[in-house]
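*Asks:* I'd like to ask you about the structure that follows.
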Amino acid sequence: METSPVLSAEQHLLGKTSGPTDNWETWWKLQNSFICPPVKPQEQNLCEKHEEKLRLFCAEDQRMICVVCRESKEHKTHSASPVEEAAEEYKVKLQEWLRSLRKEEEYKLKSKVKEEEQYKATKDRLRTEKKKLESEFEKLQQLLKENEKTLNEKLEKMEKKINMVENANITKLTNQITSLKALITEIEKKCEASAWELLKDVGSTLSRCNNVKLQCLEMVKSYKGKYNQVY
């Protein structure tokens, strides 16, 4: 019978002359010796380069360093102080900044409130002015409508008067034209008639000519007067 390679290895480790009980005890001891020790958690605040504790703070580089870094060429000429001391120093600086920033925040908040109040006041004032303008515009429109109505009524009355004057004058002119034509025809006949016929009632004819002329002058004056009254 062939021996298993694993069993051969176990026999070699445990020893061929050992008994059954001794073999198992030796086996468990060997198993325990092969168990890896637990990995320790990496300690915080250690220098990544030298694995030394970060005990100093470099002011120039604004970072924590270890004592080995401090003696290196990179940091030898820099200002370094213990971490606790640097923390207190920077804590004071940060608190000063905190006070300053809080004051700035308070100022900005007040400025914002003031700006919002001014904006609201301006907006309200513009709204009031807009309403006032709309009201005045409505009043102006109403006034214009009333004036338009009054002027239209006045123009209608003037138009009626003009029509009356025009109709009256046209009627008079028509009558006068008829009279003038009759007188002209009569005078033309007299001028063609004999001396006796021409001189017969010549005084009456001349008187009628003067009357027609006076009527024309009076009508012109009356015509101008009536139109002046209309306007």
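Numbering (the working numbering), first residue to last: 1 to 231. The beta carbon of each residue, even a glycine, is placed where N, CA and C say it ideally should be. Since the structure is predicted, the reported quantities are computational estimates derived from the model, not experimental observations.
(1) In whole angstroms, what is the alpha-carbon distance linking glutamate 146 and leucine 133?
(2) Please go through the same chain and pick out, in chain order, the residues whose beta-carbon is closer than 7 Å to the beta-carbon of histidine 50, but skip the five residues on each side of it.
(3) DSSP puts leucine 46 in a beta bridge; with which residues?
(4) Quick one: measure Cβ to Cβ for phenylalanine 57 and serine 81, integer angstroms, because I've assumed they're closer than 8 Å.
(5) Ends of the beta strand (DSSP E) at alanine 80?
(6) Three-state secondary structure (DSSP) at cysteine 209?
(7) Which of the three DSSP states, helix, strand or coil, is assigned to cysteine 66?
(8) Bridge partners of cysteine 58, per DSSP?
(9) Could you spell out the range, first to last residue, of the alpha helix (DSSP H) harbouring glutamate 197?
(10) With three or more C-beta pairs closer than 8 Å as the rule, is the segment 164-181 touching the segment 207-217?
(11) Using CA atoms only, rank isn't needed, just tell me which of Leu183, Cys191, Lys189 and Ala193 is closest to serine 207.
*Replies:* This is what the structure holds:
(1) 20 Å
(2) Cys66, Val68 and Cys69
(3) Lys53
(4) 6 Å
(5) 80-82
(6) helix
(7) coil
(8) Arg63 and Ala80
(9) 195-199
(10) yes
(11) Leu183
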